[in-house]
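Q: Have a look at this one before I ask anything.
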Amino acid sequence: MPRYALKIEYDGTPFSGWQRQADRASVQGAVEAALARLEQGVPSIAAAGRTDAGVHALGQVAHCDLTKDWDPFRLSEALNHHLKPHPVAVVDCARVPDDFHARFSAVERRYLFRLVSRRAPLVHDRGQVWRVSHDLDLAPMQAAARHLLGRHDFTTFRASLCQAASPVKTLDALDIEDMPYPGGREFRFHVRARSFLHNQVRSFVGTLERVGAGAWAPEDVKAALEARDRAACGPVCPPGGLYLAAVGYPTDPFAQE
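With the first letter of the sequence shown counted as 1, position 72 gets the number 72 in the UniProt record's numbering; the numbers rise by one all the way through.
Written out as structure tokens, the structure is:
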């Protein structure tokens with residue numbers, strides 16, 4: 001059966017998350033329903049990451065096995081037709097080797113978190129960013145973020161229900177930039193690692209926001225990390241500002257097409 005990799009973009013607002021659920025709308029369910037319109041009996045698809053309810057994606061990657069030898073462009077066009085009106089789009093598609101696995105072949109995942117500081121309520125980006133009404137200071141957040149880089153026990157920054165076998169992970173990058181935003185400023189957190197714990201990025205951002213607001217010092221983040229205690233974590237921020245931005249593989253499956 002030919003195997004295809006799909007690069008998928010979606011607005012996670014109306015979904016209970018990526019993973020298929022019997023009684024709730026999911027991104028996986030929407031994509032599998034579209035595939036079923038093309039071929040009957042398609043096995044369930046696998047994705048690089050199971051994003052939570054309300055989390056978005058710019059570059060989620062999934063793979064599927066089909067019986068027909070599809071032209072990748074025609075496959076993506078057909079899927080996008082059947083995905084309507086869901087806020088989900090296949091932005092790229094490629095034929096991949098049989099041993100390619102969207103999750104287990106991945107060597108890197110990149111997340112983006114968008115945080116907006118402004119007094120006025122959001123209109124156009126509602127549900128797409130996290131808004132706070134107070135000012136934030138970039139430099140202390142950047143200083144605090146440096147304490148999180150490298151290999152650590154991230155027990156403080158993972159959900160209590162996280163199913164990962166170990167809390168030890170290596171954080172390769174946590175870069176923060178700010179830019180003008182109508183009526184305020186936007187802060188973008190670019191986070192990169194091979195894999196993440198459940199709620200790890202949202203725990204990072206919620207804690208760093210406290211630093212930017214002046215409620216925490218950068219050294220407080222170091223102390224929280226070393227505590228290895230979930231109670232030492234700052235607030236966990238809402239899911240609406242989080243995006244699975246990209247997934248990296250030893251060989252980019254989409255560069256071959």
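Backbone N, C-alpha and C define an ideal beta-carbon position, used for all residues, glycine too.
How many Å lie between F204 and D23 at the Cα?
A: Taking the straight line joining both Cα atoms gives about 31 Å.
Q: Alpha carbon to alpha carbon, how far is R109 from W130? Give it in angstroms, no decimals.
A: The alpha-carbon separation between W130 and R109 amounts to approximately 21 Å.
Q: So does the segment 179-197 actually touch the segment 111-128, counting three or more Cβ pairs closer than 8 Å?
A: Counting C-beta pairs closer than 8 Å gives three or more between the segment 179-197 and the segment 111-128, which meets the contact rule.
Q: Go through the segment 98-137 residue by residue and report every complete run of the beta strand (DSSP E) that reaches 3 residues or more, in order.
A: 108-118 and 130-132
Q: Sorted by chain position, which residues of the same chain lie with C-beta nearer than 6 Å to E257's C-beta, five sequence neighbours on each side aside?
A: At E257 the pLDDT is 49, less than 50, meaning the model places this residue with poor confidence; the figure from the coordinates comes in the next sentence. Cβ neighbours of E257 beyond the five flanking positions: P72 and A94.
Q: Alpha helix (DSSP H) containing F73: first to last residue?
A: P72 to L83
Q: Anyone know if the C-beta pair for H198 and C162 falls short of 7 Å?
A: yes
Q: Can you tell me which of the three DSSP states P140 falls into?
A: DSSP places P140 in helix when its eight states are reduced to three.
Q: Going by C-alpha to C-alpha distance, which of M141, L35 and S195 sits closest to residue 270?
A: Residue 270 falls outside the range modelled here, since the chain spans only 1 to 257, and no answer is possible.
Q: What residue does the alpha helix (DSSP H) around A34 start on, and which one ends it?
A: V27 to A36
Q: When you compare the segment 209-229 with the segment 24-41, are there three or more beta-carbon pairs, one atom per stretch, that lie closer than 8 Å?
A: Contact fails: fewer than three Cβ-Cβ distances are below 8 Å.
Q: Taking contact to mean 3 or more Cβ pairs, one atom from each stretch, closer than 8 Å, check whether the segment 173-181 and the segment 237-255 are in contact.
A: no
Q: Let's see if you can read the secondary structure: which residues bound the alpha helix (DSSP H) around G206?
A: Q200 to G212
Q: In three-state DSSP terms, what is P235?
A: Look at P235 here: in three-state DSSP terms it is coil, with no helix or strand label.
Q: Alpha carbon to alpha carbon, what distance is there between E177 and H81?
A: 37 Å
Q: Under the DSSP definition of a beta bridge, which residues are partnered with T251?
A: Paired residue(s): none; T251 is not in a bridge.
Q: Please report how far the alpha carbon of E39 lies from the alpha carbon of R126, in whole angstroms.
A: Each residue's Cα considered, the two are about 37 Å apart.
Q: Pull up the distance between the alpha-carbon of A36 and that of V42, whole angstroms please.
A: 6 Å
Q: State the Cα-Cα distance for the pair K169 and V191, rounded to the nearest angstrom.
A: The alpha-carbon atoms of K169 and V191 are separated by roughly 13 Å.
Q: Quick check on the burial criterion: 16 or more other C-beta atoms within 10 angstroms. Buried or exposed for G212?
A: buried
Q: Considering only residues of the same chain and omitting the five flanking positions on each side of residue 278, which have a CB-CB separation below 7 Å?
A: There is no way to answer for residue 278, as the model of the chain reaches only from 1 to 257.
Q: Does DSSP put P87 in a helix, in a strand, or in coil?
A: coil
Q: Please report how far the alpha carbon of T13 lies from the alpha carbon of L148, in whole angstroms.
A: 29 Å
Q: Can you tell me whether DSSP reads F187 as helix, strand or coil?
A: strand
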